Amino acid sequence: MSGMEEKRPVLYVAATPIGNLSEASDRLKAVLAEADTVLCEDTRVTHKLFSAFGIPVKRLISCHQYNERKKAAALMDRLAEERGVYCLVTDAGTPCISDPGFAVVRAAWERGVTVQPVAGPCAAAAALSVSGFELPGYAFFGFLPRENKPRAEALRRVRLCSLPAAVLYESPFRVKELLRELDEALPGVFVSLSCDLTKLFERTLRGTPQELLAALESLPNAEKGEYVLVLDLSAVPPPPAPHKPSARAMLLDMVLDGVPLREAVQRLSGMEGYTRNEAYKASLEVAPLIEEAEDDE
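So for the sequence shown, our numbering puts the first residue at 63; every next one is plus one.
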């Protein structure tokens with residue numbers, strides 16, 4: 063473009079209302095009106111958003127957690143070629159925060175596309191703001207895995223977290239089970255539980271997991287709307303230290319496997335949780351036992 067700056071492709075990553083439509087900023091409306099293409103978690107939901115704002119519907123393309131990895135590269139190739147304006151949205155809240163979008167954003171960066179956020183509602187931030195917890199820092203875990211073993215490991219990581227608070231998301235169909243798991247895995251935890259944030263029947267409850275479980279059992283509509291849990295970890299004790307075999311036992315095991323004592327001491331010294339001095343002292347205890355066994359042979 064002679065004498066003019068060449069138009070650069072732009073991907074807006076835009077937050078949409080999490081409940082109340084009045085959360086939509088003027089900037090969000092302007093970006094939706096400007097965009098040539100809008101990448102949507104669900105085109106039907108986004109179509110309703112355009113209708114509510116009175117914005118003519120442009121090109122809407124479905125891009126969700128089940129297809130974004132396959133479609134991201136081609137979509138961003140097209141954007142780079144068109145040098146146009148795309149907007150990435152999810153059904154509610156900020157893309158990529160426990161929502162689809164990361165593959166598209168990553169593909170955009172890889173192709174030199176300008177990526178710009180359109181800040182707005184986020185369920186985690188909203189729940190944190192009404193929790194009443196002191197928050198010099200917090201850890202965001204989003205949705206925990208559904209499978210038993212990975213889920214238990216995720217809860218262990220929450221307990222090991224060095225920050226004073228943690229944020230979890232959960233579906234209404236599993237929130238009661240999650241509260242039972244928290245009661246067992248995080249003794250002493252206090253929870254702020256928010257649901258249907260910024261909607262007509264939003265609610266935030268605070269208490270122990272058992273207290274909140276009892277409260278949900280009494281609510282007829284508890285299995286509606288996604289939940290955000292803010293965990294106050296300040297009173298949760300660290301998990302007990304895992305059992306560590308003695309240095310003596312470790313050396314004996316290695317020697318019985320045919321490793322010379324000197325080499326076993328070197329190996330043990332290099333293992334996490336064992337010092338060189340500890341390994342040396344253990345060798346002094348083990349050496350007479352080895353000599354006695356050799357004499358008996």
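Don't be surprised by glycine CBs; every beta carbon is placed ideally from N, CA and C.
Owing to the predicted nature of the structure, the values given are computational and were not obtained by experimental measurement.
When you compare only the Cα positions, how much space is there between residue i and residue j?
| i | j | result |
| --- | --- | --- |
| E390 | A185 | In the structure as shown, the chain starts at 63 and stops at 359, and residue 390 therefore has no counterpart that could be examined. |
| C223 | A165 | 27 Å |
| D104 | V180 | 19 Å |
| R242 | G182 | 33 Å |
| S40 | A154 | Residue 40 lies beyond the stretch modelled for the chain, which goes from 63 to 359, so this question has no answer here. |
| N129 | G204 | 20 Å |
| A95 | A135 | 24 Å |
| S280 | P234 | 14 Å |
| P212 | R221 | 14 Å |
| R145 | H126 | 23 Å |
| P207 | L197 | 25 Å |
| V317 | N339 | 18 Å |
| G332 | G250 | 37 Å |
| A284 | L278 | 6 Å |
| V177 | P71 | 9 Å |
| S256 | D139 | 40 Å |
| R89 | R219 | 38 Å |
| D161 | V327 | 50 Å |
| A216 | L274 | 21 Å |
| L295 | K306 | 26 Å |
| R106 | P302 | 50 Å |
| H109 | R173 | 28 Å |
| T337 | R329 | 11 Å |
| M63 | W171 | At M63 the pLDDT is 42, less than 50, meaning the model places this residue with poor confidence and gives no usable figure here. |
| A169 | E209 | 30 Å |
| G65 | L137 | Its pLDDT being 46, under 50, G65 is placed unreliably in this model, and the coordinates cannot settle the point. |
| Q272 | T156 | 31 Å |
| E325 | A247 | 41 Å |
Taking the CB atoms as reference points, tell me whether residue i and residue j lie closer together than 8 Å.
| i | j | result |
| --- | --- | --- |
| C158 | V167 | yes |
| T99 | R121 | yes |
| V237 | L244 | no |
| G163 | V298 | no |
| L225 | A187 | no |
| V119 | A142 | no |
| A349 | L323 | yes |
| L101 | I123 | yes |
| V192 | T266 | yes |
| A148 | L73 | A quick correction: the sequence has Tyr, not Ala, at residue 148. Yes. Within cutoff. |
| R268 | G194 | yes |
| A97 | F115 | no |
Strictly by DSSP, which residues pair up with residue i?
| i | result |
| --- | --- |
| T78 | G155 |
| T99 | R121 and Y148 |
| Y289 | E232 and C257 |
| A227 | D294 |
| F252 | D294 |
| P237 | Correcting the residue type first, residue 237 is Val in the shown sequence and not Pro. Paired residue(s): none; V237 is not in a bridge. |
| L73 | Y148 and V177 |
| Every unbroken alpha helix (DSSP H) inside the segment 258-282 [4 residues or more] | 271-279
| message | Is it the case that the segment 337-345 contacts the segment 306-322, given that we only count it when at least three CB pairs across the two stretches are under 8 Å? | response | Touching, yes, given that three or more Cβ pairs across the two stretches are closer than 8 Å.
| Are the segment 291-299 and the segment 224-235 touching, with three or more C-beta to C-beta distances below 8 Å? | Flag = yes, the segment 291-299 and the segment 224-235 touch.
| task | Would you list, in sequence order, the uninterrupted beta strand (DSSP E) runs of no fewer than 3 residues that lie entirely inside the segment 122-209? | result | 147-150, 176-180 and 201-205
| Inter-stretch contact (C-beta, 8 Å, three-pair minimum) for the segment 76-90 and the segment 258-271 | yes
| request: Could you name each continuous alpha helix (DSSP H) segment of 4 residues or more that falls completely within the segment 291-348, going from the start of the chain to the end? | output: Within the segment 291-348, the complete alpha helix (DSSP H) runs of at least 4 residues are 309-318 and 323-331.
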